[in-house]
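In what follows, a single structure is set out as structure tokens and then discussed.
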Amino acid sequence: MSQGLALSVVVPLYNEEESVGALVAAVREALAGMPSWELVLVDDGSRDATAAVAAERVAQDARVRLVRLARNYGQTQAMQAGFDCARGEVVVSMDGDLQNDPRDIPPLVAKLHEGYDLVAGYRVRRHDTFLTRKVPSWIANRIIAWLTGVRIRDNGCSLKAYRRTVLEQLDLYSDMHRFLPALAAATADARITEMPVRHHARRFGQSKYGLSRIAKVSADLLAIKMISSFRERPLTLFGAGALATALVGIALVVAWILLPLNSALHVHRVYVLPAAALLAFALACFLLMLGLIAVVALHATREASSRLAREGAVAAPSAQTLGRLS
Amino acid sequence: MTDLLTPGAHVDTTPRIDREPRHTALATVSVIVPVTERPDPLGALYEEYVAPLRERGRPFEFVFAVSPTSGAPTDTLAELAAQGEPIRVIGAERNVGETALIRAALKMCHGDIIVTLPAYRRVKAAALEDLIATVENGADVATARRWPRRDPLINRLQHRALHLLVGRLADNRVRDVGSGVRAVRRETFDDIPLYGDFARFLPLLALFRGYRVEEVDATQHPGDMQTRVYSPGVYVRRLIDLFGLYFLLKFMDKPLRFFGLAGATLGAFGGAVLVALAARKLSTGEAIGDKPLLLLGVLLLTLGAQAVALGLIGEMIVHFHAPGRRFYRIRPSAPAPPPDRPP
């Protein structure tokens, strides 16, 4: 697959017609000293002239390639498409809005060659609005580190270098690009480190994020926690939940027994507390049963994949979806 | 699914494509007619819709997939087939839906372009050629929009209600989901998983996959302008289908966002109730162990926890199936050439 190509730079683009030209020029300049490289531009269904501008650059330089997605799928899928097309031994991802600096790519790659599978950049002197970008991001990074045990200061920085062998073991869905280091650690046992990178103020256009993503990121955090800690043993998660709920039920029963029966209202008391306890027990049973369903799902998936492996039918995942590159 | 469908006694099973006039530059077309409810006489339907295809000199075949509950007599079709018309009729052994019929018929189709046609007249026959030409010119799905509409009030209201729900999902790019008359590139049809009653929403699923979907205005057939009222069960099923479709398109790869939000909302209400009760207990010393409100709080918390737990199961299933799964589709580099040969 990789014809001795050392480096692929993957850049997802969504409505970046003003940035593309400068981006390609900056990457070419920054990588002038690298032996062999390619730049994979992924147009994520832009509604402006991004694809046309990118196609011009592709025509001028054989090392620049363009993948056009059929519609706007979001950054995660755009990155996945770029990873699927990348041919280099090392893959570097970065944003298309010129906020990352391509001059940071060679140091990232050098760091990777010190014996890591993933090097994440963290932005020093970040040029973003304080309240809507920096504060939520700081909190989110702390929570991610705490939940997943992968201590990365800046998960949101797109500038990262990966070993291809690691990316081949990852399958991104939802908005998982934000949690890529945690996912890589959980599913590919990646050795991860980080290093400082430059960050520039936005030159063109508007930031494509807002505060509204906090709810989404919270849900995703819970999902990534479950995946990183319980993907091999889902029953532990649900079993622990069931146990905790059952304990609440028991506490309610105890409270009911210990309550003095001297009140005139004790008849009601007789019903309400035990009813709440029963609800807690019902929830415990429900959680336990869900845990069993998770075991069934896990087992069926593993069985199917080992069956495929036995039959030697594990094809390259990208073979079906990779269409023609322009 | 083919095992459900067995050729009836009077069925011609040999694939026969009418290539008589032989314009090989034109794409071969398979027309699938799922026959479920209130079908028009099938022989006459065939004669009517075959005319434009024949006029254009296009190689084609018709596959009628008949559900036993339709009660549609197929002897005229058998007669036509015996006369050499490219017709095949397959029958289901038990009552299956339109989607299952289409899927079974698809397995025996040979065309490069698949046309689905309801067994009752919705649009004038000429629309068929327009739809096929749209696909030949690069669209992946061409769907007929009955326009201008001349509908009785009841039909109009039904149409409005459907599109109120569907409109946002379709990005308002499909303004007549219900027409059921479509031309679809074979590969596109094969790529979209169809089950349940989702054949109805094929254009939406295709849009979601990133295929090029185009609407083509088609003259409404006079027969389509009669008032149609279905049993209440049908409406309930449609509504449930829409709900399922909405969930699938929005949360297919992130179920926890849906369940998490639902669970957090329920849990927050439950928590608020419990906190209010506790505050009352602490401030006034009033007993709360006997208040039904306590039960409500606990119940809401329980429901919230259940919703979140279900979402986690969903995420787990998505994660287990992630290996090799890709959600994106790469745009073909040039407008796709006509399936056969450029005209």
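Which chain is which? The protein sequence lines are A and B, in order. Okay, so the first sequence: first residue is -17 according to our numbering, each after it adds one. Okay, so the second sequence: first residue is 11 according to our numbering, each after it adds one. The beta-carbon is built from N, C-alpha and C at its ideal position, and this holds for glycine as well.
Cβ of residue i within 8 Å of any chain A Cβ
{"i": "GLY334(B)", "result": "yes"}
{"i": "ASP200(B)", "result": "no"}
{"i": "GLU363(B)", "result": "Because residue 363(B) is not part of the residues shown, which for chain B are 11 to 353, the question remains open."}
{"i": "LYS264(B)", "result": "yes"}
{"i": "TYR240(B)", "result": "no"}
{"i": "ALA319(B)", "result": "yes"}
{"i": "GLY148(B)", "result": "no"}
{"i": "LEU292(B)", "result": "no"}
{"i": "LYS301(B)", "result": "yes"}
{"i": "ALA286(B)", "result": "no"}
{"i": "THR312(B)", "result": "yes"}
{"i": "ARG277(B)", "result": "Here residue 277(B) is Gly; the residue named in the question, Arg, does not match the sequence. Chain A, which has no Cβ nearer than 8 Å to the Cβ of GLY277(B), makes this no."}
{"i": "ARG339(B)", "result": "yes"}
{"i": "HIS331(B)", "result": "yes"}
Residues that DSSP places opposite residue i in a beta bridge
{"i": "ILE123(B)", "result": "VAL39(B), ARG195(B)"}
{"i": "GLU224(B)", "result": "ALA152(B)"}
{"i": "MET177(A)", "result": "GLY103(A)"}
{"i": "GLY138(A)", "result": "None; GLY138(A) has no bridge partner."}
{"i": "SER(-10)(A)", "result": "GLU20(A), VAL73(A)"}
{"i": "ALA75(B)", "result": "PRO44(B), ILE100(B)"}
{"i": "ARG115(A)", "result": "None; ARG115(A) has no bridge partner."}
{"i": "TYR311(A)", "result": "Only positions -17 to 308 of chain A appear in this structure, which leaves residue 311(A) out of reach."}
{"i": "GLN81(A)", "result": "Per DSSP, none; premise fails for GLN81(A)."}
{"i": "GLN42(A)", "result": "Bridge partners of GLN42(A): none, in fact."}
Residue i - containing alpha helix (DSSP H), residue span
{"i": "ILE164(B)", "result": "163 to 176"}
{"i": "TYR256(B)", "result": "242 to 261"}
{"i": "ARG47(A)", "result": "Counting along the chain, ARG47(A) falls outside any alpha helix (DSSP H), though it belongs to the beta strand (DSSP E) covering 46 to 50."}
{"i": "PHE268(B)", "result": "265 to 294"}
{"i": "MET326(B)", "result": "302 to 330"}
{"i": "PHE161(A)", "result": "Unbroken run through PHE161(A): none, as it is neither H nor E."}
{"i": "SER211(A)", "result": "195 to 212"}
{"i": "PHE208(B)", "result": "Segment: none, PHE208(B) is in no alpha helix (DSSP H) and carries neither H nor E."}
{"i": "ARG113(B)", "result": "108 to 117"}
{"i": "PRO160(B)", "result": "The residue you asked about is not Pro; residue 160(B) is Arg in the sequence shown. Taken as a continuous stretch (DSSP letters only), ARG160(B) belongs to no alpha helix (DSSP H), as it is neither H nor E."}
{"i": "PRO89(A)", "result": "87 to 94"}
Contacting residues, own chain, Cβ-Cβ under 8 Å from residue i (five flanking each side not counted)
{"i": "VAL2(A)", "result": "LEU(-5), LEU23, THR32, VAL35, ALA36, ARG39, GLY78"}
{"i": "ASP202(A)", "result": "SER156, ASP157, MET158, ARG160, PHE161"}
Helix, strand or coil at residue i [DSSP, three-state]
{"i": "TRP19(A)", "result": "strand"}
{"i": "SER287(A)", "result": "helix"}
{"i": "LYS134(B)", "result": "coil"}
{"i": "GLN62(A)", "result": "helix"}
{"i": "LEU52(B)", "result": "helix"}
{"i": "LEU(-5)(A)", "result": "strand"}
{"i": "TYR155(A)", "result": "coil"}
{"i": "PHE186(A)", "result": "coil"}
{"i": "PHE268(A)", "result": "helix"}
{"i": "PHE220(A)", "result": "helix"}
{"i": "ILE239(A)", "result": "helix"}
{"i": "PHE70(B)", "result": "strand"}
{"i": "ILE340(B)", "result": "strand"}
{"i": "GLN93(B)", "result": "coil"}
{"i": "GLN236(B)", "result": "coil"}
Cβ shell of residue i (< 6 Å), same chain only, five flanking positions each side left out
{"i": "LEU15(B)", "result": "The pLDDT assigned to LEU15(B) is 34, lower than 50, so where the model puts this residue is not dependable; a value taken from the coordinates is nonetheless given after this. Only ILE100, ALA102, ALA114 meet the Cβ criterion."}
{"i": "GLU0(A)", "result": "PHE186"}
{"i": "SER210(A)", "result": "THR130, ALA164, ALA168"}
{"i": "ASN54(A)", "result": "ASP26, GLY27"}
Residue-level contact to chain B via CB, residue i, 8 Å cutoff
{"i": "ARG53(A)", "result": "yes"}
{"i": "ALA36(A)", "result": "no"}
{"i": "VAL254(A)", "result": "yes"}
{"i": "GLY64(A)", "result": "no"}
{"i": "ILE126(A)", "result": "no"}
{"i": "ILE209(A)", "result": "yes"}
{"i": "TYR155(A)", "result": "yes"}
{"i": "CYS49(A)", "result": "The sequence shown places Val at residue 49(A), not Cys. Yes, its Cβ sits closer than 8 Å to a Cβ of chain B."}
{"i": "LEU280(A)", "result": "yes"}
{"i": "LEU229(A)", "result": "no"}
{"i": "ALA44(A)", "result": "no"}
{"i": "THR322(A)", "result": "Residue 322(A) is absent from the model: chain A starts at -17 and stops at 308."}
{"i": "ARG39(A)", "result": "no"}
{"i": "PHE161(A)", "result": "no"}
Any C-beta of chain E under 8 Å from that of residue i
{"i": "ILE232(A)", "result": "Going by chain labels, chain E is absent from the structure shown, which instead holds the protein chains A and B."}
Same chain, Cβ closer than 7 Å to residue i, neighbours up to 5 away in sequence not counted
{"i": "PRO216(A)", "result": "GLY273, ALA276, VAL277, LEU280"}
{"i": "ALA63(A)", "result": "VAL24, VAL49, LEU51"}
{"i": "LYS291(B)", "result": "ILE298"}
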